[in-house]
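A short worksheet on the structure shown next.
Residue numbers (the working numbering): 612 to 857.
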């Protein structure tokens with residue numbers, strides 16, 4: 612794989628060099644010379660191998676990142692992206708079940724959980740007076756060990772007394788049902804390409820202003836009451852949105 616790429620020593624234009632670097636690294640991935648979540652050689656090594664500058668190399672790596680072929684972790688380097696998860700927002704399967712059904716390994720880490728006065732827009736989403744406290748649960752979610760989702764859950768505390776004392780690494784969907792007899796009813800989604808806020812980029816260990824898919828989810832229960840809302844920040848290379856509706 613790491614043979615001498617002589618064509619990069621022939622005085623090619625910068626854009627031609629960027630294209631050729633992208634093709635070379637893509638070829639490594641397609642031929643299986645680099646597998647899912649494998650680390651690419653360090654930028655110093657790649658720059659020497661391709662006889663190019665760090666600026667040109669980083670432009671090529673950025674293009675591969677935008678194509679969802681590689682991803683970067685702060686202070687760790689560049690890695691090959693794993694396959695995307697099929698995600699149908701119309702299905703009510705929770706994160707752990709969705710990931711397991713596709714033969715992958717899910718995990719959830721609780722960053723913190725507290726009763727707080729939330730941001731003003733949260734009260735609008737929950738249709739609550741702004742002076743009330745709400746439950747806020749911040750979690751980091753992983754697929755096959757890779758952190759892919761930072762999510763903030765905001766709950767109407769009237770429906771979930773004592774929930775902050777429960778095991779919040781498990782599915783909230785199942786906890787709502789078993790502990791409180793509450794089941795999800797209608798849901799409203801909004802999806803927006805954006806960049807990670809500081810709290811999300813720190814948790815996911817990505818560079819500030821990295822691209823993200825932002826999903827806002829407002830959930831009602833079986834009685835039509837708004838019970839919670841989720842603010843989800845996904846690595847944009849994680850999901851394949853796949854919706855089939857009649």
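Every residue, glycine too, gets a C-beta built ideally from N, C-alpha and C. This structure is a prediction, so every number in the text was calculated from the model and none was measured.
ask   = From the DSSP output, which residues share a beta bridge with residue 689?
value = Position 78 of the chain shown holds residue 689. In the DSSP output, where bridge partners are listed per residue, residue 689 has 683.
query = Cβ of residue 677 within 9 Å of Cβ of residue 822?
reply = Here residue 677 corresponds to residue number 66 of the chain shown, with the count starting at 1. Here residue 822 corresponds to residue number 211 of the chain shown, with the count starting at 1. Against a cut-off of 9 Å, the Cβ pair of residue 822 and residue 677 comes out as a contact.
message = Would residue 848 and residue 826 qualify as a contact pair, given that the criterion is a beta-carbon distance under 9 Å?
response = Locating residue 848 in the chain shown gives position 237, where the first residue counts as 1. Locating residue 826 in the chain shown gives position 215, where the first residue counts as 1. No, these two residues do not count as a Cβ contact at 9 Å.
key: Residue closest to residue 723, alpha-carbon to alpha-carbon, out of 647, 763, 816 and 831   = Numbered from its first residue, the chain shown carries residue 723 at position 112. Of the listed residues, the one whose Cα sits closest to residue 723 is 763.
ask   = Which residue's Cα is closest to the Cα of residue 728: 833, 737 and 666?
value = Translated into positions along the chain shown, residue 728 becomes position 117. Of the listed residues, the one whose Cα sits closest to residue 728 is 737.
ask   = How many whole angstroms separate the CB atoms of residue 795 and residue 771, which I take to be in contact at a CB cut-off of 8 Å?
value = Numbered from its first residue, the chain shown carries residue 795 at position 184. Numbered from its first residue, the chain shown carries residue 771 at position 160. With 8 Å as the limit, residue 795 and residue 771 do not qualify as a contact, their Cβ atoms being about 13 Å apart.
Coil, strand or helix - residue 673 by DSSP = Position 62 of the chain shown, counted from the first residue, corresponds to residue 673. The answer is helix: DSSP assigns residue 673 an H, G or I state.
inquiry  = To the nearest angstrom, how far is the alpha carbon of residue 625 from that of residue 635?
reply    = Looking up residue 625 in the chain shown gives position 14. Looking up residue 635 in the chain shown gives position 24. Rounded to the nearest angstrom, the two C-alpha atoms are 15 Å apart.
Buried versus exposed call for residue 667 [16 or more other C-beta atoms within 10 Å across all chains shown] = As a first step, residue 667 must be located in the chain shown, where it is residue number 56. The residue is buried, with at least 16 neighbouring Cβ atoms inside 10 Å.
ask   = Among 745, 755 and 845, which residue has its Cα nearest to the Cα of residue 807?
value = The sequence position of residue 807 within the chain shown is 196, counting from 1. Among 745, 755 and 845, the Cα nearest to that of residue 807 is on 845.
ask   = Would a C-beta distance cut-off of 9 Å place residue 775 and residue 731 closer than the cut-off?
value = As a position in the chain shown, residue 775 is number 164, starting the count at 1. As a position in the chain shown, residue 731 is number 120, starting the count at 1. Contact: no.
query = What's the C-alpha gap between residue 812 and residue 819?
reply = For this step, residue 812 is matched to residue 201 along the chain shown. For this step, residue 819 is matched to residue 208 along the chain shown. Rounded to whole angstroms, residue 812 to residue 819 spans 6 Å at the Cα level.
ask   = I think residue 705 touches residue 784, with their Cβ atoms under 8 Å apart; what is that distance to the nearest whole Å?
value = Translated into positions along the chain shown, residue 705 becomes position 94. Translated into positions along the chain shown, residue 784 becomes position 173. Residue 705 to residue 784, Cβ: 4 Å. Contact.
task = Can you tell me which of 748, 810, 801 and 797 puts its alpha carbon nearest to the alpha carbon of residue 831?
result = For this step, residue 831 is matched to residue 220 along the chain shown. Here the closest residue by C-alpha is 797.
inquiry  = Determine whether the beta carbon atoms of residue 665 and residue 658 lie at a separation below 9 Å.
reply    = Counted from its first residue, the chain shown places residue 665 at position 54. Counted from its first residue, the chain shown places residue 658 at position 47. Against a cut-off of 9 Å, the Cβ pair of residue 658 and residue 665 comes out as a contact.
ask   = Rounded C-beta distance between residue 629 and residue 670? I'm assuming under 8 Å.
value = Taking the first residue of the chain shown as position 1, residue 629 is located at position 18. Taking the first residue of the chain shown as position 1, residue 670 is located at position 59. Right, the Cβ-Cβ distance comes to about 5 Å (below 8 Å), so this counts as a contact.
ask   = Cα-Cα, which of 691, 773 and 834 is closest to residue 633?
value = Locating residue 633 in the chain shown gives position 22, where the first residue counts as 1. When each option's Cα is compared against that of residue 633, the closest is 691.
task = Determine which residues share a DSSP beta bridge with residue 745 and list them.
result = Position 134 of the chain shown, counted from the start, is the residue given in the question as residue 745. Partner(s): 727.
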